[in-house]
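Positions 45 to 267 (our numbering) are the ones given, in order, by the sequence shown.
Here is the structure we will look at, set down as structure tokens.
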Amino acid sequence: MLVVLRLSVLLALLAPSLPFLQPPAARVPRPPAPLRSSDYDTTSAPVRSLVSSLTSLVNVLSRPPPPPPPSTGPPLPPSAVLAGIRADYVERLYLWTGDIDPDLYSPNCTFTDPTLSFTGLAKFQSNLASLQPLLERFVKDPAVELYSCELAADGRSVAAAWRMRADLNLPWRPAIDLNGTTTFGLLPPKGEGGGRIEDYREVWGMEAGEALLQIVTPGKWRG
Ligand SMILES: *[C@@H]1O[C@H](CO)[C@@H](O)[C@H](O)[C@H]1NC(C)=O
Ligand SMILES: *[C@@H]1O[C@H](CO)[C@@H](O)[C@H](O)[C@H]1NC(C)=O
């Protein structure tokens, strides 16, 4: 979801100065692509490297404030982590706002989606700090549906299935509609910092390139 947010903001920042990003007179709609899903290993190298260059560019364009230090604390029981993850989805709409409860995460958590993978809660937070003020401006009617969110039988992971939808406040009126699943791998619920999320893995219900193409596809506003 990070990359969807970043690319949206990047295009919004660049749009006024790039003539080819203005609303097109007529563009040929793409034929529907075959339904396939994507994870980090199946996403093509060009899409991944495009994303990582654009990611560095957003970082250059917007200097984030230093993130708060990651929290460690008494072990969290799996039920508390599950409740926290649910609230991140449905109350804080983190897929659109980036607003996660940092206490649910280990400072060493690895974040992976079909386009990028990195380690460190602080990195996740600093990536988002630069975007948050802009997201409020460019994301219109954000919605998150949580289809399911369950603790695994062994208590060591939470699996969530979700849909994120929004219109983007860009001149060509694009909309994002993305289904996905996220697996949150948990540390053993013992000791300082125990029970927290150490592995965050997002898989999308469509190919990464197709998902990102929605950002530049004109005329898809829902409302
Ligand atoms: C995070 O990783 C560092 C270096 O690998 C390690 O020293 C530290 O104990 C880890 N912290 C947690 C909370 O797992
Ligand atoms: C997401 O899943 C819902 C429910 O299965 C479906 O109606 C919708 O069309 C899907 N959206 C996308 C973008 O695949």
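Quick reminder that beta carbons are idealized off the backbone N, C-alpha and C, glycines included.
The beta carbon of Val-48 sits closer than 8 Å to the beta carbons of Met-208, Ile-220, Leu-222, Ala-255, Leu-256, Ile-259 from its chain, once the five residues preceding and following it are set aside; these are given in chain order.
Secondary structure at Trp-140: helix, using DSSP grouped into helix, strand and coil.
DSSP places Asn-171 in the helix class (H, G or I) of the three-state scheme.
CA-to-CA, the gap between Leu-55 and Ser-82 works out to about 23 Å. When secondary structure is reduced to three states using DSSP, Ser-82 falls in the strand class. The criterion of a C-beta distance shorter than 8 Å is satisfied by Tyr-244 and Thr-156. With respect to the C-alpha of Glu-189, the residue from Arg-130, Leu-51, Leu-126 having the closest C-alpha is Arg-130. A check of alpha carbon separations from Trp-248 across Asp-198, Arg-50, Leu-51, Thr-87 identifies Thr-87 as the nearest. A residue is called buried once 16 or more other Cβ atoms fall within 10 Å of its Cβ, and Pro-218 is buried on that count. Taking a C-beta distance under 8 Å as the contact criterion, Ala-197 and Thr-225 do not qualify as a contact pair. For Ser-201, the secondary structure class from DSSP, reduced to helix, strand or coil, is strand. Here the residues close to ligand 2, judged by CB distance below 7 Å to any of its heavy atoms, are Arg-207, Asp-221, Leu-222, Asn-223, Gly-249, Met-250 in chain order.
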